[in-house]
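Single-structure report; data block below.
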Amino acid sequence: MMTMPWLLVFCGYTVIRDDDWRPSLGISAGAVGGIVLALSKEPVPPRMWILIVVLAAFAIGTPLVLWRRGRNRRTPPT
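Numbering-wise, numbering that gives the first Met the number 0 puts 77 at position 78 of the sequence shown, and it's gapless, one number per residue.
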């Protein structure tokens, strides 16, 4: 948790950019890995469901938002 902000400072633009959404799939892959890890606990506690929902939102939302921003930037307004 403490190293993540530093990684985003140095590598954030290479992953989170709106000209191409495909590099952000690494965030989705990490979120899916976190979801699998959270679901691997035998009795899933209620707080893990919150983590699963947040990770799923990041996994789906990040590429989707970047794709829409990039598409809106490329197409001229009508």
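Where is the CB? At the ideal position from N, CA and C, for every residue including glycine.
Where does residue i land, buried or exposed, given buried means 16+ other C-beta within 10 angstroms?
{"i": "A30", "result": "buried"}
{"i": "S39", "result": "exposed"}
{"i": "L24", "result": "exposed"}
{"i": "I34", "result": "buried"}
{"i": "A134", "result": "Lying before the first or after the last residue shown, residue 134 is absent from the chain, which here runs from 0 to 77."}
Suppose you measure from the CA of residue i to the CA of residue j; what does that come to, to the nearest Å?
{"i": "G69", "j": "I49", "result": "30 Å"}
{"i": "G32", "j": "R67", "result": "25 Å"}
{"i": "P42", "j": "V64", "result": "33 Å"}
{"i": "L36", "j": "D19", "result": "29 Å"}
Of all the options the options, which has the alpha carbon lying nearest to the alpha carbon of residue i?
{"i": "P22", "options": "R72, T61 and N71", "result": "T61"}
Compute every distance between the C-beta of residue i and the non-hydrogen atoms of the ligand MN, then say whether any falls below 6 Å.
{"i": "G69", "result": "In the structure on display, the ligand MN does not appear, and there are no ligands present to speak of."}
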